[in-house]
Amino acid sequence: MPEEMPPPIPEPREEEMKELHLELIFHQETWIQVYADGKIELDELMSSGKQAEITASENLLINLRNAGGLTYFINNRQGKPFGKSGENINYIRITLDNFEEFLK
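Just remember that our numbering sits 9 ahead of the position in the sequence shown, which is counted from 1.
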């Protein structure tokens with residue numbers, strides 16, 4: 010008599026994101042200012058090869074000089090470029106609701 014197959018185990022559903030974890034890797038000299046939940050966490054001219062990590066529970070606000078000078082990851086997923094090399098961009102707002110719009 011053939012053995013009965015056990016019911017399939019349901020795949021775990023991805024938990025709702027509870028925070029934003031931003032990883033930054035700089036490839037060119039870039040000035041960056043990052044606010045996490047309204048508190049300034051980074052305000053610095055970063056040189057090529059430097060890295061930074063910032064975590065927020067609700068939102069991130071980013072201002073950049075040389076928007077193409079870095080690569081970034083949000084919650085371990087690579088982001089689309091913020092802009093081109095030499096481009097200045099202000100008020101990039103990343104939230105729990107919109108962060109996927111910034112991902113590749």
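By construction, the Cβ of each residue, glycine as well, lies at the ideal position given by its N, Cα and C atoms. Quick caveat, the model's predicted, so the values are computed rather than measured.
Alpha carbon of residue i to alpha carbon of residue j, nearest angstrom
i    : j    : result
E86  : K113 : Per the sequence shown, the amino acid found at residue 86 is Arg instead of Glu. Roughly 8 Å between the two C-alpha positions.
F108 : I83  : 7 Å
K27  : N72  : 23 Å
A45  : E96  : 22 Å
A61  : L69  : 14 Å
Residue i in three-state terms, based on DSSP
i    : result
F172 : Look at the range of the chain in this structure, 10 to 113, and you will see that residue 172 is not part of it.
F35  : strand
Inter-residue CB distance, residue i and residue j (contact presumed, cutoff 8 Å)
i   : j   : result
G78 : Q42 : Not really, about 14 Å apart at Cβ, beyond 8 Å.
Same chain, Cβ closer than 8 Å to residue i, neighbours up to 5 away in sequence not counted
i   : result
G88 : T80, Y81, F82, F111, L112 and K113
Neighbourhood of residue i by C-beta, 7 Å cutoff - its chain only, sequence neighbours within 5 removed
i   : result
I98 : L73, A76, F91 and G92
D52 : Q42
Contact set for residue i: own chain, Cβ-Cβ below 6 Å, skip 5 residues either direction
i   : result
T39 : M55, N75, G78 and L79
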